[in-house]
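One structure is given below, encoded as structure tokens.
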Amino acid sequence: MADYTKMWSELGLDLKSHDALLSILGSAYGDIFLSQKDRPEGMKYFDFVMSEVHGLRIQELMEAKARGRIVVGSYCVFVPEELILAVDGVSVGLCAGAEFNFEGAEEVLPRNTCALIKSAFGFKFGKVCPYLEACDVVVGENTCDGKKKAYEILGPLVTDLYVIDLHQTKSDMGRALLKEEYRRFAAKLESVSGKKITPDSLKKGIEVVNAKRMAVKRLAAIRAADPAPISGLDALLVNQVFFYDDPVRFTHSVNQLCDELEERVKQGIGVFAQGTTRVIVSGCPMAVPNWKLPMLIESSNAVIVGEESCVGERGTRWLTEFRGETEEDLLDALTERYFSIDCAVFTPNPSRVDYVKEMTKKLNAQGVIHYSLQFCQPHMVESGPVEKELEKSGIPTLRLETDYSQEDAGQLKTRIEAFVERLENK
Ligand code: SF4
Ligand code: SF4
604 MADYTKMWSE LGLDLKSHDA LLSILGSAYG DIFLSQKDRP EGMKYFDFVM SEVHGLRIQE
664 LMEAKARGRI VVGSYCVFVP EELILAVDGV SVGLCAGAEF NFEGAEEVLP RNTCALIKSA
724 FGFKFGKVCP YLEACDVVVG ENTCDGKKKA YEILGPLVTD LYVIDLHQTK SDMGRALLKE
784 EYRRFAAKLE SVSGKKITPD SLKKGIEVVN AKRMAVKRLA AIRAADPAPI SGLDALLVNQ
844 VFFYDDPVRF THSVNQLCDE LEERVKQGIG VFAQGTTRVI VSGCPMAVPN WKLPMLIESS
904 NAVIVGEESC VGERGTRWLT EFRGETEEDL LDALTERYFS IDCAVFTPNP SRVDYVKEMT
964 KKLNAQGVIH YSLQFCQPHM VESGPVEKEL EKSGIPTLRL ETDYSQEDAG QLKTRIEAFV
1024 ERLENK
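Under the working numbering, the first residue of the sequence shown is numbered 604, with each subsequent residue one higher.
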């Protein structure tokens, strides 16, 4: 990696802590990803992106800003990248997946806050996230109670925090609220960027994001093959890079990877032996570098063939369907697309478990591992009914709760191995 010290200093990062973080990340990446056997050649691009995730990509963001583009950071898949692109902005994901500076986070947040929220604060107070520091606007959203209250504390700590209000039910009023909130967000983006959203710019934004989602959907479908042509870890990584990379370049790279994987499928080449136990992981999103659970699963004689999560199919399975050419038509289409997302924050939320069942069938999985972050009430509460419904439908389910620490790794592995054995004997 080139020397980015000047850029990181100008962004106000704590260089010592940042170096320490990068060194831990680099070695974890080597141990977890680069040690895998028979990885597709196409993963080299994603290895490169990860090696430059705080370097070249940040340099690109800074160059974009110098050319007058705004950088917009967000923590949730309800923030529409399409609108950001419509003002020629750059969208970046800010969710963090590492236990870093939780002591700092716990000075302002209760200890029993989920690791995802604590991590975002730990990164902010520790001054180690160049994405957050590069943002012109940080977008929050009223989803779970933890996040919506945490944004009140985050507000004064960032340049410009903007919060999108979200519905809680899938009602007509909920849909109307979402549309009005997207209209309000569009006005905010216009005011910060100084650029007007036009039907053409919005249509182009939708096309770019649809193409990106289509590429990831293509990857998801290929994973139905046995032997699995790609590991769950690598597929998760692609879904994680989705939130950071330039969207057009990302789409091209995922499609290239898919060309290679389709060829592998034709030739019967896999990264795990044919007949390896196949599982779906469902639940909370896994932000970079939260790779603990997939690593434990894939070192326990099982392969992950799908993720029902916001860093996975919940974030990518719907496309925006054009219904007309006016700005109002496009806003309606966008609202409809995002209104379909079945996050556990909604009540009731029956479509989520229906989709887990569908995924299990279409990806030829034998079981589901439900993953909740500790203290994530929406997913933890929903995990009970989800397990009950899946088991009733003949789909063995293992419910796990964990955080970002490594302390429970041994205990989790024992439970995963026992579950895989149950699936093998089914
Ligand atoms: S799990 Fe819910 S709150 Fe979290 S990113 Fe997904 S939609 Fe947003
Ligand atoms: S993991 Fe759960 S508690 Fe944490 S931010 Fe997401 S929805 Fe909220």
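Beta carbons are placed, not taken as given, at the ideal position from N, Cα and C, and that holds for glycine.
Everything numeric in this text was worked out from a predicted model, so none of it was measured.
I need the DSSP call for GLY633, collapsed to helix, strand or coil. Correct three-state label for GLY633: helix.
Helix, strand or coil: which one does DSSP assign to TYR785? helix
Should HIS982 be counted as a contact of ligand 2 given a C-beta to heavy atom distance under 7 Å? Correct: HIS982 has its Cβ closer than 7 Å to ligand 2.
Three-state secondary structure (DSSP) of TYR734: helix
Checking the sheet assignment: what are the DSSP bridge partners for ALA667? DSSP, once it has assigned bridges, lists no residue as partnering ALA667.
Can you tell me where the alpha helix (DSSP H) with GLY835 in it begins and where it stops? 835–844
Since LEU614 is in the beta strand (DSSP E), which residue starts that stretch and which ends it? Segment: none, LEU614 is in no beta strand (DSSP E) and carries neither H nor E.
Drop a sphere of 10 angstroms on the beta-carbon of PHE724, count the other beta-carbons inside from all chains shown, and report buried for 16 or more, exposed for fewer. By the Cβ neighbour-count rule, PHE724 is buried, with 16 or more other Cβ atoms within 10 Å of its own.
Compute every distance between the C-beta of ILE944 and the non-hydrogen atoms of ligand 1, then say whether any falls below 7 Å. Yes; taking the cut-off as 7 Å, the Cβ of ILE944 has a heavy atom of ligand 1 nearer than that.
Here's the rule: buried if 16 or more other CB atoms are within 10 angstroms of the residue's CB, otherwise exposed. What is ILE900? buried
Give the single residue among CYS913, PRO802 and LEU896 whose Cα lies nearest to the Cα of ALA905. LEU896
Inter-stretch contact (C-beta, 8 Å, three-pair minimum) for the segment 852–865 and the segment 679–686: no
Who are the near neighbours of VAL741 in its chain, counting only those whose CB is closer than 6 Å to its CB and skipping five residues on each side? GLY676, VAL761 and LEU764
Going by beta carbon distance, what residues of the same chain come within less than 6 Å of CYS738, once the five residues before and after it are set aside? VAL674 and GLY676
Residues near GLY700 by beta carbon distance below 7 Å, same chain, minus five either side: SER722, MET889, ALA890, VAL891, PRO892, ASN893 and TYR1007
Which of helix, strand or coil does DSSP assign to HIS621? helix
Can you determine whether any heavy atom of ligand 1 sits closer than 7 Å to the C-beta of CYS747, and answer yes or no? Indeed, a heavy atom of ligand 1 lies less than 7 Å from the Cβ.
Tell me, which residues are paired with TYR765 by DSSP? VAL742
Say yes only if the C-beta of SER717 is nearer than 7 Å to one or more non-hydrogen atoms of ligand 1, and no if none qualify. Here residue 717 turns out to be Cys, not Ser, going by the sequence shown. The answer is no for CYS717.
Decide yes or no for the touch test of the segment 936–956 against the segment 788–795: beta carbon pairs closer than 8 Å, at least 3 of them. no
Find the nearest neighbour of CYS861 within the set VAL819, PRO802 and GLY878, judged by alpha-carbon distance. Looking at VAL819, PRO802 and GLY878, the one whose alpha-carbon comes closest to that of CYS861 is VAL819.
Do VAL693 and LEU616 come within 8 Å of each other at the CB atom, strictly closer than that value? no
Since VAL908 and ILE883 should fall inside the 8 Å C-beta cutoff, what is the C-beta to C-beta distance between them, to a whole number of angstroms? 7 Å
C-beta contact flag for GLN969 and ARG881 at 8 Å: Judged by beta-carbon spacing, ARG881 lies within the 8 Å limit of GLN969, meaning their Cβ atoms are closer than that value.
For the pair the segment 997–1012 and the segment 945–953, tell me if three or more CB-CB distances fall below 8 Å. no
Classification of ILE756 by the beta-carbon crowding that lies within 10 angstroms, buried from 16 upward: exposed
List the endpoints of the continuous alpha helix (DSSP H) containing SER1030. Outside the shown range of the chain (604 to 1029) lies residue 1030, about which nothing can therefore be said.
Do ARG1018 and TYR847 come within 8 Å of each other at the CB atom, strictly closer than that value? no
Chain-order list of residues whose beta-carbon lies under 7 Å from that of PHE649 (same chain, five-residue window excluded): LEU840, VAL841 and VAL844
Apply the 10 Å Cβ neighbour rule to PHE788 and answer buried if 16 or more other Cβ atoms are within range, or exposed otherwise. buried
Can the beta-carbon of GLY585 be found less than 8 Å from the beta-carbon of ALA605? Within the shown structure, residues of the chain are numbered from 604 to 1029, placing residue 585 beyond reach of any answer.
Nearest candidate by alpha-carbon position, reference GLY629, set PHE651, LEU836, ARG642 and THR608: PHE651
On a CA-only basis, which of LYS750, GLU931 and SER954 is nearest CYS551? Give me that one, please. In the structure as shown, the chain starts at 604 and stops at 1029, and residue 551 therefore has no counterpart that could be examined.
Out of LYS869, LEU934 and CYS913, which has the shortest C-alpha to C-alpha gap to THR923? LEU934
For GLY915, which residues in the same chain have their Cβ closer than 6 Å to its Cβ, ignoring the five residues on either side in sequence? ASN842
For PRO850, I'd like the list of residues in its chain whose CB is within less than 6 Å of its CB, leaving aside the five on either flank, ordered along the chain. VAL811 and LYS815
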